[in-house]
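**Q** Heads up: the sequence shown runs through residues 2 to 333, numbered per my numbering.
Note that beta-carbon positions come from the ideal geometry of N, C-alpha and C, so glycine has one too.
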Amino acid sequence: MVWFMKRPIQPPKPFATHTLPVGQGHTLYIEEHGNPKGLPVVVLHGGPGGGMSGSFHKRFPLKTYRIIAFDQRGCGKSTAKKGLLTANTTQHLVADIERIRVHLKIAQWVVTGASWGVTLALVYAQAHPQAVLGLILNAIYLGTTHEIEWFTKPDGIARFFPQEYAALYKAVPGATPSTISKKSLTILMGPNKRRAQQLAEAWLYFEWLACSIQSNRAETLAAVRAEANLLVNCQVQIHYYAHQCFLLPDQILKNAKAISHIPAIILHGELDMVCPPEAAYALHAALPQSQLKMLPLCGHYGDPAMDKARKAAATTLAKTLKKPLAKPRRRS
């Protein structure tokens, strides 16, 4: 779902960068970090609409992993000649991930993601299970209507942030929970840039405030206003909201058996207001061989405890993959 608020991080320098044309006017920007001969892992950032994070050194043992990260369509340093929303769907992003794997000549890799990156990781794994060695997933988001409505309906996150919820709806006159995404997208993509910018600010302030259990309203608002790609990020995100993340109802959980043989580690903050913990439990139940770790006093935005848990999960998975893996079930 959301991307994480961007805090000043000194990113490690990549050992390689790539630009990869993927069709429909889109060109992806890709970085590689860590050990060129290490265990390949592709990192899927949050959003939709966010960009890659530079905190790889906090999430992986760099001597163990060859880390591949990229900006998704319409995000970061990736470019779109025909418009950032053109040919920008979940299915296009899944195809892009596979193109990257083939382009880099990687036979199999670990797939990891946070928030919206979890949705993308799971849909990709279900489409290409033979390419996935393992999954590391945190801040679980499954792209369901229920999760979208957690933001748009008054009985969801609005109960905790009523003032910000009211301000969001005020910025979209006449909107209802069932129409706010499409009405917002019309404004965000419209000719009135000032109005679009104000709406993007309202959306992201409402959202970012919920990301951390220690959010400060003044600091959060300042961070939103300082976000260089504020409007673009919001345009892409609301585009996905308006189209139900381009997924069928409960698609991921219904197709869970396709990836039941893949080692999976699930991490989630017990106080995550953006992606309530119920999704993490539901995914774990659908993947009974997965490992689930709930982190107390941890919200949606990554904190030192989550960074430590991610790195431990990456270390554990690397050791697990040295053992023989179960073969994927044949489809009947």
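Comparing C-alpha positions only, which one of Lys309, Phe152, Pro305 and Gln252 sits nearest to Ala283?
**A** To locate residue 283, count along the sequence shown from 1; it is residue 282. Measuring from the Cα of Ala283, the nearest candidate turns out to be Gln252.
**Q** Whose CA, out of Tyr170, Trp110 and Leu134, lies closest to the CA of Tyr206?
**A** One-based indexing of the sequence shown puts residue 206 at position 205. Out of Tyr170, Trp110 and Leu134, Tyr170 has the C-alpha closest to the C-alpha of Tyr206.
**Q** Kindly give me the distance between the Cβ atoms of Leu288 and Ala265, rounded to whole angstroms, as I take these residues to be in contact under 8 Å.
**A** In the sequence shown, counting from the first residue as 1, residue 288 sits at position 287. In the sequence shown, counting from the first residue as 1, residue 265 sits at position 264. Contact holds; Cβ gap of about 5 Å.
**Q** Measure how close the beta-carbons of Ile69 and Ile31 come, nearest whole angstrom, since I'm counting them as under 8 Å.
**A** Within the sequence shown, residue 69 is the residue found at index 68, counting from 1. Within the sequence shown, residue 31 is the residue found at index 30, counting from 1. About 7 Å; that satisfies the 8 Å criterion.
**Q** Decide if Pro174 is buried, meaning its Cβ has at least 16 other Cβ atoms within 10 Å, or exposed.
**A** Position 173 of the sequence shown holds residue 174. Pro174 is exposed by the Cβ-count criterion.
**Q** Is it buried or exposed, Ala227, if we count other Cβ atoms within 10 angstroms and call 16 or more buried?
**A** Translated into the one-based positions of the sequence shown, residue 227 becomes position 226. With fewer than 16 Cβ atoms within 10 Å of its Cβ, Ala227 is classed as exposed.
**Q** Given this structure, state the Cα-to-Cα distance separating Val42 from Ala310, to the nearest angstrom.
**A** Within the sequence shown, the letter at position 41 stands for residue 42. Within the sequence shown, the letter at position 309 stands for residue 310. Going from the Cα of Val42 to the Cα of Ala310 covers about 17 Å.
**Q** Measure the Cβ-Cβ separation of His27 and Arg100 and say whether it is below 8 Å.
**A** Sequence index remark: in the sequence shown, residue 27 carries index 26 (1-based). Sequence index remark: in the sequence shown, residue 100 carries index 99 (1-based). No, the pair does not count as a contact, with Cβ atoms beyond the cut-off.
**Q** Is it the case that the Cβ atoms of Val124 and Val95 are separated by a distance below 8 Å?
**A** Here the question's residue 124 lines up with position 123 in the sequence shown. Here the question's residue 95 lines up with position 94 in the sequence shown. Yes; because the gap between Cβ atoms is below 8 Å, this pair is in contact.
**Q** Between which two residues does the beta strand (DSSP E) containing Asn36 stretch?
**A** Here residue 36 refers to the residue found at position 35 of the sequence shown. From DSSP, Asn36 is part of no beta strand (DSSP E); its letter is neither H nor E.
**Q** Answer yes or no: do Val133 and Ala126 have a C-beta to C-beta separation smaller than 8 Å?
**A** Here residue 133 refers to the residue found at position 132 when the sequence shown is read from its first residue. Here residue 126 refers to the residue found at position 125 when the sequence shown is read from its first residue. Yes.
**Q** Can you give the Cα-Cα distance for Ala115 and Lys194, rounded to whole angstroms?
**A** In the sequence shown, residue 115 corresponds to position 114, counting from 1. In the sequence shown, residue 194 corresponds to position 193, counting from 1. The straight-line gap from Cα to Cα measures roughly 30 Å.
**Q** Classify Pro49 as buried or exposed, calling it buried when 16 or more other Cβ atoms lie within 10 Å of its own Cβ.
**A** The sequence position of residue 49 within the sequence shown is 48, counting from 1. Pro49 is buried by the Cβ-count criterion.
**Q** Within 10 angstroms of its Cβ, does Ala17 collect 16 or more other Cβ (buried), or is it exposed?
**A** For the purposes of this step, residue 17 is identified with residue 16 of the sequence shown, where counting begins at 1. Ala17 comes out exposed.
**Q** Give me, in chain order, the residues of the same chain whose beta-carbon lies closer than 7 Å to that of Ala1; leave out the 5 immediate sequence neighbours on both sides.
**A** Lying before the first or after the last residue shown, residue 1 is absent from the chain, which here runs from 2 to 333.
**Q** Just the Cα atoms here: how many angstroms apart are Lys7 and Lys154?
**A** The sequence position of residue 7 within the sequence shown is 6, counting from 1. The sequence position of residue 154 within the sequence shown is 153, counting from 1. Low per-residue confidence applies at Lys7: pLDDT is 46, beneath 50, and the placement is therefore not dependable, though the value from the model is reported in the following sentence. Their Cα atoms are separated by approximately 27 Å.
**Q** Would you call Glu148 buried or exposed, if buried means 16 or more other Cβ atoms sit within 10 Å of its Cβ?
**A** On the sequence shown, residue 148 is found 147 positions in, with the first residue counted as 1. Glu148 is buried by the Cβ-count criterion.
**Q** Using three-state DSSP, classify Leu322 as helix, strand or coil.
**A** In the sequence shown, residue 322 corresponds to position 321, counting from 1. Reduced to three states, the DSSP call for Leu322 is coil.
**Q** CA-CA distance, His244 and Lys183?
**A** Here residue 244 refers to the residue found at position 243 of the sequence shown. Here residue 183 refers to the residue found at position 182 of the sequence shown. C-alpha separation (whole angstroms): 8 Å.
**Q** If we require 4 or more residues per run, which alpha helix (DSSP H) segments fall completely within the region 103 to 129?
**A** Listed in chain order, the complete alpha helix (DSSP H) runs (minimum 4 residues) inside the region 103 to 129 are 117 to 128.
**Q** Where Ala128 and Val23 are concerned, what is the direct C-alpha to C-alpha distance, given to the nearest angstrom?
**A** For this step, residue 128 is matched to residue 127 along the sequence shown. For this step, residue 23 is matched to residue 22 along the sequence shown. The straight-line gap from Cα to Cα measures roughly 18 Å.
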